Amino acid sequence: MKTRKNKKTEDLLEKLEPKISDNLLTLKGVGKHYGSIIALRGVDMVVDPGKVTCVLGDNGAGKSTLIKIIAGLHQHDEGEFSLHGSAIKLKSPRVALDAGIAAVYQDLAVVPLMPIWRNFFLGSELTTGVGLFKKLDVQKMKDITKQELSDMGIDLRDVEQPIGQLSGGERQCVAIARAVYFGAKVLILDEPTAALGVKQSGVVLRYILQARDRGLGVIFITHNPHHAYPVGDSFLLLKRGRSIGYYSKSEITVEELTAQMAGGAELAELAHELEQLGGHDEELAEAEAGANSQATA
Amino acid sequence: MSSITASPSQKRKSPALDERVGKKSALSILLGRPEIGALVGAIALFVFFAVVAPVFLAPASLATVLYGASTIGIMAVGVSLLMIGGEFDLSTGVAVISSALSASMISWYFGLNVWVGIALALVVSLLIGFINGIILIKTKLPSFIVTLASFLMLTGLNLGLTRAIGGSVSSPSIADIEGFQSAKAVFASSVNIAGIDVKITVFIWIAMVIIASWILLRTKIGNWIFAVGGDEKAARAVGVPVVRTKIGLFMAVGFCGWVLGMHNLFAFDSVQSGEGIGNEFLYIIAAVIGGCLLTGGYGSAIGGAIGAFIFGMANKGIVYAEWNPDWFKFFLGLMLLLATVVNIVVKKRAESSK
Ligand SMILES: Nc1ncnc2c1ncn2[C@@H]1O[C@H](COP(=O)(O)OP(=O)(O)O)[C@@H](O)[C@H]1O
Ligand SMILES: [Mg+2]
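Chain order of the listed sequences is A and B.
Counting from 1, position 107 in the first sequence corresponds to residue 133 in the working numbering; the numbering is continuous, with no gaps.
Counting from 1, position 330 in the second sequence corresponds to residue 1612 in the working numbering; the numbering is continuous, with no gaps.
Right under this line is the structure:
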């Protein structure tokens, strides 16, 4: 009797242990190619609950490819992707969602012509009734949408308006609120601030922090180090499909991050280009400063 | 650096616009409905014909108009849903005839009860829809090409098989086969309302519009239909079963084709195998006039019904007004053009951000 109990406790510990010691999500040497194009190679990354992992890189660096693998839109063909310590390959976004991974894409987060509340619950609609008379619980979905959005600090008069009428920042926020409401453990944001002005970018960054504070592991994709640094806990830098650095916040400053991303040579080149165009002194100084900080870093 | 600063590229952009959306008036909500343009058009057309041809208002005339509308409207139900789902179907006109031919040929050739033929015709119709859908999904070709191909193939099959089996361009009469009378009662009878005979298709049509509206607005599937038509990638990314939804829509169109095919068969007792060609456009026109966007994601079943009603009014109204029916097609084209322009405006309003 006693031994059995001990055995049971041991089993339980064994089951619990990976969850305690392992990270929420881990990538080890992950790679992906599209035909002959190698989009991603040998990427390591860790996502923890209540932490923001930033993925930075220029256009074509492989950021979208990386998060599409995590979100189940593509499958990796190299390396290991594990969730709660066990290796997985996600076959579809639905499978990823069921595993607690929700993605918010820059352009395909929402269906513009559909009302906000329908977008909020799309793919996970609430229903009442049974069989043939099963119908959408419209009132409840509208109420929840309104409530969740106001909890996130978005005050909308009318959840019936097409979501396309919202500003880009608000749309991102609706998508984030949706992921939070549906119990996502990992929230992926692909360049949520890319098309936004300063003020709206700030709004989106605030929601990233709110999602983090609710205990989600956030993966924040951007090519803007000034957006990444204030909210990020760790930073993965990609270039041409490869990882060129993986830092925790204490290891790097925003200036170093900027310099790392652009690369000193490129900034110098940029400065040269600007010089040739002429008449943009302010921007020129900025680019030169960047190139210098790279040289000293 | 802990505050959020602008990147150089953003510096040159104008500051963010106000995030709030202006308050909507009740009128603008009404104007935002997909079918509003069609409704205004229908009312205008009704008043117009009532003035120029008073006989138009006679109950018997209205019953005739409604019957004409129903024969378009039954198909327009499925075609509207499909169009909202982002696809369209050029094979509907001949698929109606395929269904009618299947029912009559099966009953006649095997000497089976008519209802067996009717049931198998339903299978044929759903299968045509399924095949259209699965080819669309597998080949990723636009529905224009896929259904143009099935339109041509069905046209050929209708003519070829009818002649090969029955030896004629029309299917043999099934009036004497068991079950004919009861099937006629279901698909092609009239209901007497206050002395006016109203064709049963009018009631079938209304029922189908109500069911389709319910599905569209009050079920998950309806949500999915709007989503796959509005933004297929976004729909897939949030877990909507895009493939099933699209194939289901083509099968729903198949179902509507079966209903109309059975009416065509039992209104008489045989079918001309060369019929139906061109009707697919009438169904699409009804859906578009009714406010369904050709590009998908927007529209209503009611709109398609109003579109069909406009069609019915114009078609018969010209006769009641004793005009030359040659003008009908011109008129229809004009309606289509106006409706499409209105639709574009409506879509822009709905989509415009800020
Ligand atoms: N579906 C695809 N087919 C072929 N090549 C692709 C595909 N998606 C991305 N790529 C290529 O992979 C590389 C990485 O792209 P992506 O992950 O979108 O970069 P990022 O999001 O960082 O701009 C690019 O060279 C791009 O052209
Ligand atoms: Mg990208």
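Positions of the beta carbon are idealized from the N, C-alpha and C atoms, including for glycine.
Here the structure is a predicted model, which means the values were calculated and not measured.
Of all residues in the segment 1500-1517 of chain B, only R1500, T1501, K1502, N1505, F1508, A1509, G1512, D1513, K1515, A1516, A1517 place a beta-carbon less than 7 Å from a beta-carbon of chain A.
Rounded to the nearest whole angstrom, the CA to CA distance from N49 (chain A) to G1539 (chain B) is 56 Å.
Comparing C-alpha distances from G126 (chain A) to each of A:K225, A:P75, A:D103, A:N145 shows the shortest one belongs to A:P75. DSSP lists A:K54 as the bridge partner or partners of E106 (chain A).
Around the beta carbon of I96 (chain A), a 10 Å sphere encloses 16 or more other beta carbons of the protein chains shown; the residue is thus reported as buried. The closest CA to that of Y60 (chain A), considering only A:L92, A:T79, A:V72, is found on A:L92.
The Cβ neighbour count for N1606 (chain B), taken over all protein chains shown within 10 Å, is under 16; the residue is labelled exposed. With respect to chain A, the C-beta atom of V1522 (chain B) has a partner C-beta closer than 8 Å. About 20 Å separates the Cβ atoms of L1542 (chain B) and I1366 (chain B), ruling out a contact at the 8 Å cut-off.
It is roughly 45 Å from the alpha-carbon of A65 (chain A) to the alpha-carbon of K160 (chain A). At least one heavy atom of ligand 2 is found less than 7 Å from the C-beta of K89 (chain A). A129 (chain A) belongs to the set of residues whose beta carbon lies under 8 Å from a beta carbon in chain B.
The C-beta separation of P141 (chain A) from E186 (chain A) comes to about 5 Å, placing the pair in contact by the 8 Å criterion. Here the segment 1505-1512 of chain B does not lie against the segment 1372-1383 of chain B, with fewer than 3 beta-carbon pairs under 8 Å apart.
Beta-bridge partners assigned by DSSP to K1481 (chain B): B:S1472.
In the DSSP assignment, A1340 (chain B) falls outside any beta strand (DSSP E) and carries neither an H nor an E. For A97 (chain A), there is no enclosing beta strand (DSSP E), since its DSSP letter is neither H nor E.
Using a cutoff of 7 Å, the CB of I270 (chain A) does not count as near ligand 1, since none of the ligand's heavy atoms is closer than that. Taking 8 Å as the threshold, the shortest C-beta distance from A1534 (chain B) to chain A does not fall below it.
Y1349 (chain B) does not reach chain A, its nearest Cβ partner there being about 29 Å away, counting only Cβ pairs nearer than 9 Å. The segment 1499-1544 of chain B is shown to contain whole alpha helix (DSSP H) runs of 4 or more residues at 1502-1512, 1514-1519, in chain order.
The beta carbons of N1474 (chain B) and V1376 (chain B) sit no closer together than 8 Å.
M1435 (chain B): not part of any beta strand (DSSP E); member of the alpha helix (DSSP H) spanning 1425-1448, first to last residue. The beta carbon of F1613 (chain B) lies closer than 8 Å to those of A1596, I1600 in the same chain, with the five residues before and after it left out. Your pair L1348 (chain B) and V1480 (chain B) checks out as a contact, with CB atoms roughly 7 Å apart and the cut at 8 Å. Using a Cβ-Cβ cut-off of 7 Å, A1345 (chain B) is close to nothing in chain A; its nearest Cβ partner there is about 31 Å away.
The residue among B:I1325, B:A1332, B:I1497 with its C-alpha nearest the C-alpha of A1603 (chain B) is B:A1332.
Distances from the alpha-carbon of L264 (chain A) to those of A:G88, A:A129, A:L139 put A:G88 closest. In the displayed model, M71 (chain A) falls within a strand according to three-state DSSP. At a cut-off of 8 Å between beta carbons, A1489 (chain B) makes no contact with chain A. The contact set of A1621 (chain B) on chain A, defined by CB atoms closer than 7 Å, is empty, because the minimum CB distance reaches about 18 Å.
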